[in-house]
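Protein chains in written order, with the numbering used here: chain A, 15 to 394; chain B, 15 to 394. Where a beta carbon is used, it is the ideal one built from N, C-alpha and C, also for glycine. Below is one structure, written out as structure tokens, with a few remarks after it.
2 protein chains.
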Amino acid sequence: MIDPLLLIPGPTNIHSEVVRAMARPAISHRAEEFRKLFEDTIEKARKVFKTTHDIFLLTASGTGGVECAIVNTLSLGDKVIVPVYGEFSERGLEIARRIGANCVVEKMPLGEGISFEKAKEIIDANSDATAIFLVYNDTSPGVEIRELEKICRYAKSRNILTIVDAISIAGGDYLNIDEWGIDLCVIGTQKCLASPPGVTLITVSPDAWTTISKKKCPSFYFDLERYKKYSEKRETPFTPAIHLVYALNEGLSLILSEGVENWIKRHYRNRRALAVALEKIGFTEFVKEPFRSTTVISLNCPQGISPSVLVSRLYGKTRVLIARGLGELKEKIIRIGNMGITSLREILTLIASLSYVMLDYGVTVNVGEAIKAAREAYES
Amino acid sequence: MIDPLLLIPGPTNIHSEVVRAMARPAISHRAEEFRKLFEDTIEKARKVFKTTHDIFLLTASGTGGVECAIVNTLSLGDKVIVPVYGEFSERGLEIARRIGANCVVEKMPLGEGISFEKAKEIIDANSDATAIFLVYNDTSPGVEIRELEKICRYAKSRNILTIVDAISIAGGDYLNIDEWGIDLCVIGTQKCLASPPGVTLITVSPDAWTTISKKKCPSFYFDLERYKKYSEKRETPFTPAIHLVYALNEGLSLILSEGVENWIKRHYRNRRALAVALEKIGFTEFVKEPFRSTTVISLNCPQGISPSVLVSRLYGKTRVLIARGLGELKEKIIRIGNMGITSLREILTLIASLSYVMLDYGVTVNVGEAIKAAREAYES
């Protein structure tokens, strides 16, 4: 059977070279081969993310990385600001609550993120906070925090640590970790880096270390000081997912060879082309400006079309996989992932496939118009 | 360059079919393809481990699995019995301490494990304990707890939960989870299952659930109740290491096709052959009976031979990788991993390679004798 084409908010399609990189023998994680692989991978990640901060490699899903960032920096009673605008900000909140942090929650209306003005207000009212937790891009509604830089800089100016979940956007949009003042940044590999899931990167700033060194991490597995100690030997504290490191290394090479700036710009072009074409097909964007995500486009379906039925018909007929909404958005929206190696070709495939399936609903899409609009947007 | 031959206590060599299994496209972890893969993998694991208990798949190193087992069942002030006889029992102790458990530590002399008699004594003196944590096979000295069954049964009879780290031995020696009364069992994939590292299995008994349901797990990432909820949908709560699941599935198939009993018996035969041959070469077993591990054979080197120099010469000349000791045993012992797909051929390779390198030390090994002894032991 034909391979699925993943246009969901992760995991994403993987380049054949990355897939091939996994087909290698096991090596010892305490031998020179691994140390070379480890160092090279971290060096490449450092180039992609232009950061001088420490970068660690965790054998865990992205959420493990978020837990790691939070439990190393916050403890019982510490105040943390958590704006909530989707499932993934809820997760950060839940993690912070479990360790007994004092969470200042600001719940945003569905489909909206947080603006700098709003964030500033909350920071000013909570200047005794230890940290602020921000999801750069929450895939559940498809919301991106466009003013992340301003928010982080402001928080830093008030001596508040910035913990950023950039899992679903790192590589897909600009992310200047050091310049923006991001103390802990969690980076997913199976999203815009187009690598397989299972390992997660985390960056740690010098300011973060000041806080971390004063805490006793409740988790042994996620203890960053232990990662640091082993990192000095170019090793991980526990047996890492070696084959996924092979793959990540190759994935990062692909990004560096396309050029980080080009890689990101492709995500922008894709997003523009997708948005206009899908509007021509009859869908409308769910998220209002300025919170529309570059990497997840969420759309209201035309009247009478159930997102879950549409998703399953599309997949059944063409093996193109898109996502429906999550939680209360389950039957309200569809979500298109625009991540990693997604290119013009996949966009055209999606346009053609969606048009094909819309015929089931008696809707004849003007595909020519959709493609023309996509072309204008893509080449502009 | 020739691939390394791993005869270390994990990771181990991987069968080419298992390697190939990873070279597949990414799929969605929320799609039917993954649910089928997940169900099939759990079913196979259930057959290999002959258990009716729940089995969960964590995207984490083995230590993540141990942390998961401990933080779901113990909380502040709970008494836990921790016999200590190597680095991995130390890890369990450290994890339990971080959550504020009241740890009853029984430190055993180096190279010894815990006997049933000794364990019974401690259990009797601490009948108010919530749990006992036991490393079935601690690879750091090469110690196996031969009376695990009796200890677990006795602990259960006293209403004490049994948490077993079986990471480095599950698949390599008998492990009757249900029959022996193991409440939480942590199973590594990169050891005797001969799969790649990065995912870990954990089993949970009905008695364990009774305790877990009364606790609020401090970790979101390792929260077993969340795993259970998703498991009912044949999914994992967080994006799993999909490619490693492909591989594990294939690895489990290999075990089932060889037969679980045969797979284990091969480990026994290997151990016998290795031990006698290495004694002929001039090494002596470090661990005394009855604690000698089936899967890690630790040996004192002949006078004048430094373990680390020997390991590095052997690897440099032949790409056969064995391990030296850890911690205070660093310059005292070498350790041979006997795990997974290791067969007679690898044993013969090791005998020949070690004999070759011993010539560096002016030692002429009677290789014929060593092979003859190995043959007798292997075929007995």
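Original post:
Whose Cβ in chain A lies nearer than 9 Å to the Cβ of glycine 76/B?
Top reply: Simply Phe252, Thr253.
Original post:
With distances taken between CB atoms, is the gap from serine 171/B to glutamate 101/B smaller than 8 Å?
Top reply: No.
**OP:** Taking glycine 351/B as part of the beta strand (DSSP E), name the residues at either end of that continuous run.
**Re:** Glycine 351/B: member of the beta strand (DSSP E) spanning 347-351, first to last residue.
Subject >> Where the beta strand (DSSP E) containing proline 97/A begins and where it ends >> reply: Note, proline 97/A: beta strand (DSSP E), 93-98.
Subject >> Inter-residue spacing [alpha-carbon to alpha-carbon] between arginine 240/B and leucine 71/B >> reply: Approximately 12 Å, taken between the alpha carbons.
**OP:** Would you list, in chain order, the members of the region 210-224 of chain A that have their beta-carbon closer than 9 Å to a beta-carbon of chain B?
**Re:** Of all residues in the region 210-224 of chain A, the ones placed with a Cβ closer than 9 Å to any Cβ belonging to chain B are Pro210, Pro211, Gly212, Val213, in chain order.
Subject >> glutamate 249/A versus alanine 115/A: straight-line alpha-carbon distance, rounded >> reply: Rounded to the nearest angstrom, the gap between the Cα atoms of glutamate 249/A and alanine 115/A is 31 Å.
**OP:** Compute the Euclidean distance between the alpha carbons of lysine 205/A and serine 227/A, then round it to the nearest angstrom.
**Re:** Going from the Cα of lysine 205/A to the Cα of serine 227/A covers about 31 Å.
Subject >> Residue range of the alpha helix (DSSP H) that includes serine 171/A >> reply: Run containing serine 171/A: 162-171, per the alpha helix (DSSP H) assignment.
Subject >> Within 7 Å of chain B by C-beta, residues of the region 143-174 of chain A in sequence order >> reply: Flagged: no residues at all.
**OP:** Closer than 7 Å by beta-carbon distance: list the chain B residues that pair up with glutamate 275/A, in chain order.
**Re:** When 7 Å is used as the limit between beta carbons, glutamate 275/A is near no residue of chain B, the shortest such separation being about 25 Å.
Subject >> Proximal chain A residues relative to glutamate 31/B, where beta-carbon distance stays under 7 Å >> reply: Neighbourhood of glutamate 31/B in chain A, by CB distance below 7 Å: empty, with the nearest CB roughly 11 Å away.
Original post:
Does DSSP put lysine 242/A in a helix, in a strand, or in coil?
Top reply: DSSP places lysine 242/A within a helical segment (H, G or I) once states are collapsed to three.
**OP:** For chain A, find out if any of its Cβ atoms is closer than 8 Å to the Cβ of asparagine 244/B; answer yes or no.
**Re:** As written in the sequence, residue 244/B is tyrosine, which differs from the asparagine given in the question. Not closer than 8 Å to any Cβ of chain A, the Cβ of tyrosine 244/B fails to qualify, so no.
Subject >> Selected residue, minimal CA-CA separation from threonine 332/B, among Ile365/B, Ala384/B, Ser182/B, Phe63/B >> reply: Taking each of Ile365/B, Ala384/B, Ser182/B, Phe63/B in turn and checking the Cα distance to threonine 332/B, the smallest one comes out for Ile365/B.
Subject >> Short-range partners of chain A found in the region 350-379 of chain B, where Cβ spacing is below 7 Å >> reply: When CB distances to chain A are screened at a threshold of 7 Å, not a single residue of the region 350-379 of chain B falls below it.
Original post:
Checking contacts by CB at 8 Å: is threonine 73/A closer than that to chain B?
Top reply: It does: the Cβ of threonine 73/A has a partner Cβ on chain B nearer than 8 Å.
Original post:
glycine 296/B by DSSP, collapsed to three states: which one?
Top reply: In the three-state scheme derived from DSSP, where H, G and I count as helix and E and B as strand, glycine 296/B is classed as coil.
**OP:** Helix, strand or coil for leucine 324/B, going by three-state DSSP, please let me know.
**Re:** Here leucine 324/B sits in helix by DSSP.
Subject >> Top-ranked residue by Cα proximity to glutamate 345/A, from Phe234/A, Ser326/A, Leu215/A >> reply: Comparing Cα-Cα distances from glutamate 345/A to each of Phe234/A, Ser326/A, Leu215/A, the minimum goes to Ser326/A.
**OP:** Give, in chain order, every residue of the region 228-242 of chain A whose Cβ lies closer than 9 Å to some Cβ of chain B.
**Re:** So the list reads Lys230, Cys231, Pro232, Ser233, Phe234, Tyr235, Phe236, Asp237, given in the order they occur along the chain.
**OP:** Note down the Cα distance separating leucine 162/A from aspartate 68/A, rounded to an integer number of angstroms.
**Re:** About 21 Å.
Subject >> alanine 222/A beta carbon less than 8 Å from that of aspartate 197/A >> reply: Cβ distance < 8 Å, so aspartate 197/A and alanine 222/A count as in contact.
Original post:
What number of angstroms, rounded off, separates the C-alpha of valine 259/B from the C-alpha of isoleucine 216/B?
Top reply: A direct Cα-Cα distance of roughly 14 Å separates valine 259/B from isoleucine 216/B.
Original post:
In this structure, does DSSP put lysine 121/B in helix, strand or coil?
Top reply: Three-state DSSP puts lysine 121/B in a strand.
**OP:** Measure the CB-CB distance between leucine 288/B and leucine 207/B and report whether it falls below 8 Å.
**Re:** Taking C-beta atoms as the reference points, leucine 288/B and leucine 207/B fail to come closer than 8 Å.
Subject >> Contacting positions in the region 101-129 of chain A - beta carbon closer than 8 Å to chain B >> reply: Taking a C-beta cut-off of 8 Å against chain B, the contacting residues of the region 101-129 of chain A are Arg105, Glu108, Ile109, Arg112, Ile113, listed in chain order.
Original post:
Can you name the residues that DSSP bridges to isoleucine 4/A?
Top reply: There is simply no residue 4/A to check, as chain A begins at 15 and stops at 394 in what is shown.
Subject >> Test item: CB-CB of isoleucine 136/B and glutamate 120/B under 8 Å >> reply: Yes. Within cutoff.
**OP:** Show which residues of chain A have a CB atom less than 8 Å away from the CB atom of leucine 335/B.
**Re:** Neighbourhood of leucine 335/B in chain A, by CB distance below 8 Å: Ser42, Ala45, in chain order.
Original post:
According to DSSP, what are the bridge partners of leucine 71/A?
Top reply: Beta-bridge pairing links leucine 71/A to Leu215/A.
Subject >> Alpha carbon of tryptophan 194/A to alpha carbon of threonine 65/A, nearest angstrom >> reply: Whole-angstrom Cα-Cα distance: 11 Å.
**OP:** Flag threonine 309/B as yes if its beta-carbon sits less than 8 Å from any beta-carbon of chain A, otherwise no.
**Re:** Cβ-Cβ to chain A under 8 Å: no for threonine 309/B.
Original post:
Measuring CB to CB, does arginine 306/B end up less than 8 Å from glutamate 131/B?
Top reply: No, the Cβ-Cβ distance between arginine 306/B and glutamate 131/B is not below 8 Å.
Subject >> Given threonine 363/B as reference, the closest of Leu343/B, Glu342/B, Ala291/B once Cα atoms are compared >> reply: The option with the nearest alpha carbon to threonine 363/B is Ala291/B.
**OP:** Give a yes or no on contact between the region 46-65 of chain A and the region 43-53 of chain B, applying the rule of three or more CB pairs nearer than 8 Å.
**Re:** Touching, no, given that fewer than three Cβ pairs across the two stretches are closer than 8 Å.
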